[in-house]
Structures are given as C-alpha cells and as structure tokens.
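Novice: Residue numbers (full-length UniProt numbering): 1 to 244.
No residue lacks a Cβ here, since even glycine has one placed at the ideal position from N, Cα and C.
In structure tokens:
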C-alpha cells in the first residue's frame, strides 16, 4: 500500500578539509600538465586551474585523461576528498562509461579510500545502467549498513532500476520505505513510479499515486507525465516498454 503521509526532512553537511583536498587534486593536474611539456603555469593560471577543478573537472576531455588523473589521485600522499573523486566519476559517467566507473570504485575500495553517500549513489546508477541489478541492491544495503542516510537521488536511482527490471511491486515497497524514513519524494520519484505502473497496465494504482501529490508543488508536472504514460499504455501491450 502506498504511504499515506509524506514527510520532509532536509540536511546539509560540510567538510573542513575539502578545500585542502581539492588543492591537492589541482596540483596533480598541474603536475600532469608539466609531464606533457605544457609551459609552466603562473600563479594566476594555477588558480584558474583550481577554479576549473572546483567547477567539475572541466579540463578532462578524454577517458584516458580521467583514468590517468585517477591514478595520480590514489597515489598521492594526502588523498583528495570524496568530493573530488565523485567529480571525476561524474565526468566518466557523462562519457557513458559506467563500466569504467565501477572498475575505478573497486580500486578505491581495495585501497580503502573513503566514500560518501554521493559516491555510492553514482555507483548505484552505474550498476543499474550495466543491468547488474543484484550489485545495485548490494550497494544499497552497504549504504545503510555503513550508517549513511539515502537521499531522494539515491532512492530515485534504485526505483528506476526496479522499473528497468520490471519489478514495479518491489519499487512500491521501496517507495513506502523511502517515505517512512522521512525522505520526501520529488517529481522524479512520482514520474518514475507512474511510468512503471502504466507500463505494467496498473493504471488505477498510478491514479492513486497521483492523488497523493495533490498538495505537492509537483502536481502539474506529474499530471502531464501521467497523461503521457496512460497514452503509452493504451498504445502498446503491458511490459513491452522495458524489453530490449
């Protein structure tokens, strides 16, 4: 049964060592530039590279560069922060190489490099993209075992994975758990579940889910999504959407 009450809870966290760790990563980039016979960077240019790093490793243009930088980062005397590793992984994800991200995270685990909730969420997404859903479930279990609190992005990622695997009933169970832990669903949550329900031909349950969004600011978007989902459900047989 769908949860009757949705509760909101927000949290924020910061790390005092983040700036120092980012600076270490920046120096690694600086060193790699020197290895490639790039002219020595001035202080102003070096600061520019630091700002690039903080904005998301925009100077990484190829998979080889990303892997090289990862090697430099894990071998550094003082490890960069989990935030920096996450940024690097995000770049690789955008290259559509979830398999490489999984491999790099395994190397981090072997070296006992600390991860945070965002690290595990990226890994979760990559397992789902590679259709290794059993590993995605194991990763989610590890998240809770280590004491991390999954956020809405983490839950949405796993919900999407359930829908890809045509396991919508289990997705609804996870949704109930999400609400019980105080994590408020967003438009992605609702759209994912409604689409999954409609693909399974469970229109009435999708309507019931939509009723629970009346008081939320996402109502208009979810209504549009629902209309599109119903249209798709009437044009194709159930369960065909997720089949390859």
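1) For residue 163 and residue 188, I'd like the C-alpha separation in whole angstroms.
2) Of all the alpha helix (DSSP H) runs that stay within the bounds of the UniProt repeat "PPR" (116–150), which reach a length of 4 or more residues?
3) What alpha helix (DSSP H) runs, 4 residues minimum, are completely inside the stretch 78–112?
4) Roughly how many whole angstroms lie between the Cα atoms of residue 147 and residue 115?
5) If you compare alpha carbons, which of 128, 70, 112, 125 is closest to residue 104?
6) Confirm, please, whether the CB-CB distance from residue 120 to residue 98 is below 9 Å.
7) So, helix, strand or coil for residue 157, using DSSP?
8) With burial defined as no fewer than 16 other Cβ atoms inside 10 Å of the residue's Cβ, what is the status of residue 62: buried or exposed?
9) Should residue 275 and residue 192 be called a contact, given that it needs their Cβ atoms to be closer than 9 Å?
10) Where does residue 198 fall in DSSP's three states?
11) With a threshold of 16 other CB atoms inside 10 Å of the CB of residue 108, please say whether the residue is buried or exposed.
Specialist: Taking the structure as given:
1) C-alpha separation (whole angstroms): 13 Å.
2) List check, alpha helix (DSSP H) in window: 117–129, 133–145.
3) With a minimum length of 4 residues, the continuous alpha helix (DSSP H) runs that stay inside the stretch 78–112 are 82–94, 98–110.
4) Residue 147 and residue 115 have their C-alpha atoms spaced approximately 12 Å apart.
5) Put simply, of 128, 70, 112, 125 the residue whose alpha carbon is nearest the alpha carbon of residue 104 is 70.
6) In this structure, residue 120 does not lie closer than 9 Å to residue 98 by Cβ.
7) DSSP places residue 157 in helix when its eight states are reduced to three.
8) Exposed.
9) Missing from the structure shown is residue 275; the chain here goes from 1 to 244 and no further.
10) Of the three classes helix, strand and coil, the one that applies to residue 198 here is helix, per DSSP.
11) When all chains shown are included, residue 108 counts as buried.
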